[in-house]
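Sequence order for the protein chains is A and B.
To get the working numbering, take the position in the first sequence, counting from 1, and add 310.
To get the working numbering, take the position in the second sequence, counting from 1, and add 724.
Please read the structure below before turning to the comments.
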Amino acid sequence: MSTADFLTNLFGNYYNDNFDRIISPSNLRKREFGFMFFKYGSIIRHLSFEDENQLKTFLAREAPSDVFYSAAYYFQPAMPKMPMKGWEGCDLIFDIDADHIETSCKNEHDKWKCQVCGKADKGIKPDKCPVCGESKIEELKWLCDTCLDYAKLETIKIVEDFLIPDFGLSKSEIGICFSGHRGYHIHVESEVVKELNSQARREIIDYIKGGGIDPELHGLQEIGRKKVITGPDTNDKGWGGRITRNVIKFISKLQENEIIMEDKYTKKKLLMLIKEKQKIINSLSQHPPLWDAMRNIDINFWFLIVERAINMAKGKIDEPVTADIHRLIRLPTSINGKTGFQVKPLKLNEIASFDPFSDSQIFEGQITVRAGDVPTFRIGEETFGPYKDEKVELPLSAAVFLLCKGVAQILKT
Amino acid sequence: MVFMSSKGDLAKYPFTKEAQKYIENLNLDIGDLVSPKYSSLLRRGSERVIEALEKGIVSYKDDNYIEELLSFPLARLLVESLGDDYLRRRYAVAESKRVDKLLAMEENDKLIHIARETFGWDIRKAPRQSISGRFYDYELNVVNYLEYAPYFQDKYWKLVNRVLHRGYVYLRKNDVARLISEAVKWRLMEKKGKPPDLPSEIKEMVNIIESKLVAQKKDKGIDGGFGEVSRDSFPPCISKILSDAITGKSMSHHARFTLTSFLINIGMSVDELVEIFSNVADFDEELTRYQVEHIAGIRGGGTKYTPPTCSTLQTYGLCEKNELCQGVKHPLNYYRNSLRRQKGSEKAVI
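Okay, here's the thing in structure tokens:
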């Protein structure tokens, strides 16, 4: 049996056995669907379903490797061209992906290989091969706790710091799920956001990412001939309060050994900040705050600190996903064909304790596979690998993960 | 009704639900308008359009309320009968400026009334408390805010620079006046199609406006070229943005940056560029000059910027790919290739 056949059977069984547990999206008939298959290279899209039963029967029968539906609602979702579909609205989607967050562990576990000259290295794939200059480069993106924990914290931050307090969304309008690979998706389904156009969605992205933010417009400025510095209060609504709270957080975390890389001028000022830490934090925490407590911190230095505070406070989301009002997104409760993990819907209070390497595992049993070049990975409580061209007996979930990643094969019998 | 009850209000804000209703109830048809009784109304109607063309803003005349009110739909009829995009936009901008100015002098309640009744916005009075040292008059639902604010170029209008709390944006009177006037502009920019046969008196007015329009377009070089700079060689994305700028459409920040950096890089002067942007809806000469000079490297860090690559333009939704774009990764490369092709064909002729 080929690896593709094996996975197809396995996925088909999952959809068959879990017929009642598969979630179908709201307004099903207005959604476009797209699928990928283990035995077929590209995505098949522009499909639609009459009802839940038809969708689930399709999943069990065709056993796709990946299942996507449109965040958009269409008058005729199965039409082959966008203008013919009749766009009626679109959920607001956020994609928080470790790919877009810099974590140092990627240099340890991600790999790439030039298809032309064979040059290979660890770390993030370059645009062009440094040896031959070609851009045909294959990459292997691995998953680890560090990357996924980071994405998880970002997800919680976006919901709890932005969507609920600032955008006024209620918990019932916000759906969260683990993507089954390197991140999390947030679906906002509400009548008011449905009609937002791309431009409006870009403004929302900029709001969350702090793009184009001007601290002066949030009150950080010098006033009068005496150049008294004023700034936002920790209790201020929106970004103003967020800036001050994060400046305090930045200063309180600041350590002497962390500022070695700074230039001479900045280092000198930061050292002063560390020395007077408590005094500055106290002055900024007052209502109204005292931004002027330290005579030798000028406005330009505050701008520099605020910039760093904003970097801590902003939410890291993948822009094109949110801005695209025709985007297809993974169906919650389907399987991600890149890993064999479930695209797992989560409640807000479940995320913190959610462990993707345990809680989205869906296969049970044992199997022996031929592993190629495999970095260390964890499934459940157990850590596996590294392996190098060897036969290994593994729990089914772990084996499926390697098969989906293309770093192991089913044994030829 | 407490607000929008006086004829003065209807004359000032002829786009409101109440004004539209009032006009409807008069039950007039085009024939009525050309009777001698309404001759000054006709004059005021065409005056509105000519003011838009020549001054960029329509005035408010309070000496005859009914005439001021009725001249609004008449002016729109004149604009629509010419069906010219440039004129339609210029007229819409000029009417919106008039509204902006008038609204800024009104009571808060009147703005709330217009925003709710005519545009259906979810807006209310803000509590009287300062945020970051500022007081606000209104809270507007963020969804309504995002209908128009993204089209303003100033960073002041970016959502990230506003106070946003529980789904509402905190605004001051000038802000709401500006948003309402922008909504008016968008309504006036909707094409209505050419009206049916018009009485000769109105046709005459249309002809006068048309001759002024043609002269102005020629003056501004709207259909002409740039001399040194070869406009025929522009990539389709730049041509599109440029025509948006010249016809005075609102433009995103990305579009402005792309156009400016492109034109600066092929040798256009700052003055020429500022002139191009002078048609854009929220034109501010000083600010535009500053920004153009910044991109040209005359100000700021001294870096001269180059336009974004094709893939970035795709992300911004500004790409207008045609068959000549095959294999091109940067708009400046397209221009270079295209110039070379042109020179080549000249040689072939010689």
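Just so you know, even glycine gets a beta-carbon here, dropped at the ideal spot from N, CA and C.
> At a Cβ threshold of 8 Å, is V867(B) touching chain A?
Replying inline: Cβ-Cβ to chain A under 8 Å: yes for V867(B).
>> Which residues in chain B have a C-beta closer than 8 Å to the C-beta of S508(A)? List them in chain order.
In response: Listed along chain B are G1041, each with a C-beta nearer than 8 Å to that of S508(A).
> Buried or exposed: which applies to N323(A), given that a residue is buried once 16 or more other Cβ atoms fall within 10 Å of its Cβ?
Replying inline: Its Cβ having fewer than 16 others within 10 Å, N323(A) is exposed.
> Going by C-alpha distance, which of G917(B), A979(B), K944(B) and S954(B) is nearest C961(B)?
Replying inline: Minimum Cα distance to C961(B) is reached at A979(B).
> Mind pulling the chain A residues with CB within less than 9 Å of H889(B)?
Replying inline: Neighbours of H889(B) on chain A, chain order: P475, D476, G478, K547 and G548.
> Okay, do the region 382-401 of chain A and the region 442-461 of chain A touch, 3+ Cβ pairs below 8 Å being the bar?
Replying inline: Because the criterion of three Cβ pairs below 8 Å is not met, the region 382-401 of chain A and the region 442-461 of chain A do not touch.
> When you compare only the Cα positions, how much space is there between I645(A) and E748(B)?
Replying inline: Separation of I645(A) and E748(B) (C-alpha to C-alpha, rounded to the nearest whole angstrom) is 59 Å.
>> At a cut-off of 7 Å, would you count I774(B) as near the ligand MN, judging by its Cβ distance to the nearest heavy atom?
In response: Questions concerning the ligand MN fall outside what the structure shown contains, since it holds no ligand whatsoever.
> Using a Cβ-Cβ distance under 8 Å, would G521(A) count as near chain B?
Replying inline: Judged by the 8 Å Cβ criterion, G521(A) is in contact with chain B.
> What do you reckon, are the CB atoms on L357(A) and Y325(A) nearer than 8 Å?
Replying inline: Not closer than 8 Å, so no.
> Quick one: what's P705(A) bridged to in DSSP?
Replying inline: Paired residue(s): Q676(A).
> Is there at least one Cβ from chain A nearer than 8 Å to N885(B)'s Cβ?
Replying inline: Interface criterion met: the Cβ of N885(B) is under 8 Å from a Cβ in chain A.
>> So, for V557(A): in the same chain, excluding its five sequence neighbours on each side, which residues have a beta-carbon less than 7 Å away from its beta-carbon?
In response: Taken in chain order, the residues that qualify are L594, I615, V616 and A619.
>> Rounded to whole angstroms, what is the Cα-Cα separation between L864(B) and L895(B)?
In response: Distance between L864(B) and L895(B), taken at the CA atoms: about 7 Å.
> Near I403(A), what residues of its chain come up, given a Cβ to Cβ distance below 8 Å and the 5 sequence neighbours on each side ignored?
Replying inline: Same-chain partners within the cutoff: A381, H495, I496, H497, V498, V631, T632, R637 and I639.
> In chain order, what residues of the same chain lie with their CB nearer than 8 Å to the CB of K909(B), ignoring the 5 residues before and after it?
Replying inline: Answer for K909(B): A816, V817, E819, S820 and A1005, listed in chain order.
> Can you tell which of F711(A), A718(A), Q719(A) and T678(A) has its C-alpha closest to the C-alpha of V702(A)?
Replying inline: Ranking F711(A), A718(A), Q719(A) and T678(A) by Cα distance to V702(A) puts T678(A) first.
>> Assuming V994(B) and E1017(B) are in contact, meaning their beta carbons sit under 8 Å apart, how far apart are those beta carbons, in whole angstroms?
In response: Contact holds; Cβ gap of about 6 Å.
> With 16 other CB atoms within 10 Å as the buried threshold, where does P923(B) fall?
Replying inline: P923(B) sits exposed, since fewer than 16 C-beta atoms from the chains shown fall within 10 Å of its C-beta.
> If you pair each beta-carbon of the region 828-845 of chain B with each one of the region 734-750 of chain B, do three or more pairs fall below 8 Å?
Replying inline: Between the region 828-845 of chain B and the region 734-750 of chain B, the count of C-beta pairs closer than 8 Å reaches three or more; the two stretches touch.
>> For K657(A) and Y746(B), I'd like the C-alpha separation in whole angstroms.
In response: C-alpha separation (whole angstroms): 53 Å.
> Short check: CB of S954(B) to CB of L1056(B), under 8 Å?
Replying inline: For the 8 Å CB-CB criterion, S954(B) and L1056(B) do not form a contact.
> Any contact of the region 534-550 of chain A with the region 570-584 of chain A, i.e. 3+ C-beta pairs under 8 Å?
Replying inline: Under the three-pair Cβ rule at 8 Å, the region 534-550 of chain A does not count as touching the region 570-584 of chain A.
> Between I1000(B) and T971(B), what straight-line distance do the alpha-carbon atoms span, to the nearest angstrom?
Replying inline: Approximately 9 Å, taken between the alpha carbons.
> Does Y494(A) come within less than 8 Å of chain B when only Cβ atoms are used?
Replying inline: Nearest CB-CB separation between Y494(A) and chain B: not below the 8 Å threshold.
>> Which same chain residues end up closer than 7 Å to I689(A) when comparing Cβ atoms and leaving out the 5 residues on each side of it in sequence?
In response: Correct list, in chain order: F667, Q671, P705, S707, A708 and F711.
>> Taking CB distances under 8 Å as the criterion, tell me whether L527(A) reaches chain B.
In response: Judged by the 8 Å Cβ criterion, L527(A) is in contact with chain B.
> Quick one: complete beta strand (DSSP E) runs, 3+ long, within the region 592-672 of chain A?
Replying inline: Runs found: 638-640 and 654-656.
> Which stretch, first to last residue, makes up the beta strand (DSSP E) that contains G344(A)?
Replying inline: Counting along the chain, the beta strand (DSSP E) containing G344(A) begins and ends at F343 to F347.
> Just the Cα atoms here: how many angstroms apart are E934(B) and Y762(B)?
Replying inline: Spanning the alpha carbons of E934(B) and Y762(B) requires a straight line of approximately 22 Å.
> chain B beta carbons: is any one of them nearer than 8 Å to that of V557(A)?
Replying inline: Not an interface residue.
>> Using a Cβ-Cβ distance cut-off of 8 Å, determine whether Y517(A) contacts chain B.
In response: Yes, its Cβ sits closer than 8 Å to a Cβ of chain B.
> If you draw a straight line from the C-alpha of P696(A) to the C-alpha of Y1029(B), how long is it?
Replying inline: Straight-line Cα distance between these residues: approximately 47 Å.
> Does any C-beta atom of chain B lie closer than 8 Å to the C-beta of V502(A)?
Replying inline: Residue-level contact check: V502(A) touches chain B, since one or more beta carbons of chain B fall below 8 Å from its beta carbon.
> Under three-state DSSP, which class holds D683(A)?
Replying inline: Strand at D683(A).
> Can you tell me the Cα-Cα spacing of F986(B) and Q940(B), whole angstroms?
Replying inline: Approximately 26 Å, taken between the alpha carbons.
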